[in-house]
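Let me begin by presenting the structure, written as structure tokens, before commenting on it.
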Amino acid sequence: MNLKVVLPPVIIVVLGMGALSGVQNTGFREHIESTLTESAQGALSAAGLGGVDVVFAGRDADVTAPTDAEALAAADVVGEVEGVRAAAAYGPDGLVSAEAGAADADEDTAEDSAEDDAADDLADVATDALAEATASLEPTTTPSDSGTAGDDAGKDAEEQDEPKREPTREEREKAQEDLVEIPNITFVTDSARLTKDGRKVVREAAEVLAEHPEVEVRVEGHTDSVGTEAHNQKLSERRAEAVVDELVEQGVDRDRLTWKGFGESDPLVVPRTFADLEKNRRVEFNITN
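Using the numbering used here, the first residue of the sequence shown is number 1, and each one after it goes up by one.
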């Protein structure tokens, strides 16, 4: 059999099937996104939330509203729509965390806790009265004892006023080396949800930070170049913040952590293959102090 005669038609058929599959997958995804967008807008309209922009990437939604409170409320509504996997809230200043919404919720429920506060006040009065009665039965503190207590209080105040020790250059370099050796953190495709392996890697990062308690770290998210720049920018921010949240869950002090998303703007390699795209999808840790 002459291979020069047979191979060209076979190659054309294989390439044609691949292109057809890509077109079908793209069309199916666009159909899902269109259907979910209509359902989400309907749910928002029923909830009385207007002026909200919803953009889907697969089954994940980016919900943008004029205020942070509206963004959180709209994201909750969209997240309950059947078929939606996750909904991220964006206000006028960018991604809105659930903690900001919790602060507003605390203010809204202040009146509901008035009775509990009154009960606490009564309990405090009873406790103070008991303390005074007990103090009248205790022996008077001698001057020497008072001086000792004052010295202890002074020492505690001095310890609290002491500035935090900055890491040495060697400590920073060692911490950075240990962080670079950590495997890449993985997420569910086109979302900020950590995979099982991704959570395991974050635990390794938390252990490294526990070994270097003096360093502060910025978590940096990067994506590949598939999709729009705006979507990839938001996705990188959500992924970096998700890693910070998981580190805090693992016991790392949040004051030591910051995060930033770079989208597709800083690729590790020039993307020519699927493996190159995978390399560019990454989370990096950089020492900041």
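Note that beta-carbon positions come from the ideal geometry of N, C-alpha and C, so glycine has one too. Model, not experiment: these values are computed from the prediction.
Check the C-beta distance from residue i over to residue j and give it rounded, since I have them as a contact under 8 Å.
i, j, result
"D60", "S191", "5 Å"
"F285", "L179", "4 Å"
"G227", "A57", "7 Å"
"V243", "V202", "6 Å"
"A74", "V52", "5 Å"
"R254", "E216", "Wrong, their Cβ atoms sit about 11 Å apart, outside the cutoff."
"A46", "V81", "Wrong, their Cβ atoms sit about 11 Å apart, outside the cutoff."
"A230", "V283", "A230 to V283, Cβ: 20 Å. No contact."
Name the two residues that bound the continuous beta strand (DSSP E) containing residue i.
i, result
"H222", "217-222"
"V208", "Not the beta strand (DSSP E): V208 falls in the alpha helix (DSSP H), residues 196-211."
"A61", "60-64"
"D53", "53-57"
"L257", "257-261"
"A86", "86-91"
On a CA-only basis, which of the options is nearest residue i? Give me that one, please.
i, options, result
"L247", "K234, A210, R272", "A210"
"K164", "E70, V243, T195, E214", "E214"
"E171", "V208, L49, F56", "V208"
"E278", "I185, I287, V252", "I185"
"G91", "V77, A69, L257", "A69"
"G50", "V217, L268, A65, E241", "A65"
"E220", "V84, V54, A89, I287", "I287"
"F274", "T223, A175, A86, A242", "T223"
"E166", "E241, H212, L72", "H212"
"E30", "V55, E204, N232", "V55"
"G48", "L36, T35, A71, S34", "A71"
"D245", "Q176, S97, K196", "S97"
"Q176", "S34, T35, N289, K196", "N289"
When you compare only the Cα positions, how much space is there between residue i and residue j?
i, j, result
"I32", "G79", "15 Å"
"G198", "D276", "19 Å"
"I182", "E173", "15 Å"
"N280", "D266", "8 Å"
"E38", "K200", "37 Å"
"V63", "T168", "43 Å"
"R272", "F187", "22 Å"
"N232", "A40", "21 Å"
"L95", "T67", "11 Å"
"T189", "V84", "14 Å"
"E107", "E249", "Residue placement at E107 cannot be trusted, given a pLDDT of 47 that sits under 50; what the coordinates show is reported in the next sentence. Roughly 25 Å separates the two Cα atoms."
"L36", "D93", "26 Å"
"K196", "E204", "13 Å"
"G218", "A89", "The sequence given here has Arg at residue 218, not Gly. Looking at the two C-alpha atoms, the distance is approximately 22 Å."
Identify the continuous alpha helix (DSSP H) that holds residue i and give its terminal residues.
i, result
"L179", "169-180"
"V248", "229-249"
"G79", "68-79"
"K279", "274-280"
Verify the contact flag: residue i, CB atom, against every heavy atom of the ligand FAD, threshold strictly below 7 Å.
i, result
"A73", "In the structure on display, the ligand FAD does not appear, and there are no ligands present to speak of."
### Message
Three or more C-beta pairs under 8 Å: does that hold for the stretch 236-244 against the stretch 258-278?
### Response
Cβ pair count under 8 Å is three or more, so yes.
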